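Numbering (the numbering used here), first residue to last: 729 to 864.
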């Protein structure tokens, strides 16, 4: 589920893997902690960590999605238009965003996560994890 080594595609693959966890995930996590205050205290960050308002978090997330929207405008997947682990990782973050109501407008990112959710393995993962969280 990764492009061949020593190819340009492998570089894009790594780029999207890190992008998901370092750029997309932080605003989703902040929104999660703000929107679901009943999470166990050990999971909640320190108070100063959550001082950003929900509209600011959504704006941050929308800005973080701009490169994804650009790539996904003409593609179903992130790297060489073929399903890879980069799609699994990015899709996991985007599913949280979707379930938290952070993906309201129709755009390539929303179409992408909707497409990923059609994969049988994605449906199984959703059933086992996300359905146990009481989303607002």
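Ideal Cβ positions, reconstructed from N, Cα and C, are used throughout, including at glycine. Since this is a predicted model, take the numbers as computed values, not measurements.
Cα-Cα separation, residue i to residue j
| i | j | result |
| --- | --- | --- |
| residue 788 | residue 755 | 7 Å |
| residue 803 | residue 782 | 30 Å |
| residue 813 | residue 848 | 15 Å |
| residue 843 | residue 780 | 31 Å |
| residue 796 | residue 818 | 10 Å |
| residue 827 | residue 752 | 15 Å |
| residue 734 | residue 853 | 31 Å |
| residue 742 | residue 750 | 12 Å |
Outcome for residue i when other beta-carbon atoms lying within 10 angstroms are tallied against a minimum of 16
| i | result |
| --- | --- |
| residue 833 | exposed |
| residue 748 | buried |
| residue 820 | buried |
Cutoff 7 Å; reference residue i; Cβ partners in own chain excluding five residues on either side
| i | result |
| --- | --- |
| residue 830 | 756, 759, 786, 789 |
Cβ-based neighbour list, residue i, same chain, cut-off 6 Å, excluding 5 preceding and 5 following
| i | result |
| --- | --- |
| residue 793 | 837 |
| residue 745 | 814, 817 |
| residue 850 | 844 |
Selection from the options that minimises the alpha carbon distance to residue i
| i | options | result |
| --- | --- | --- |
| residue 732 | 825, 839, 815, 808 | 808 |
| residue 763 | 806, 824, 840 | 824 |
| residue 816 | 798, 801, 840, 835 | 840 |
Residues of its chain near residue i, where Cβ-Cβ distance is below 8 Å and the 5 sequence neighbours each way are ignored
| i | result |
| --- | --- |
| residue 739 | none |
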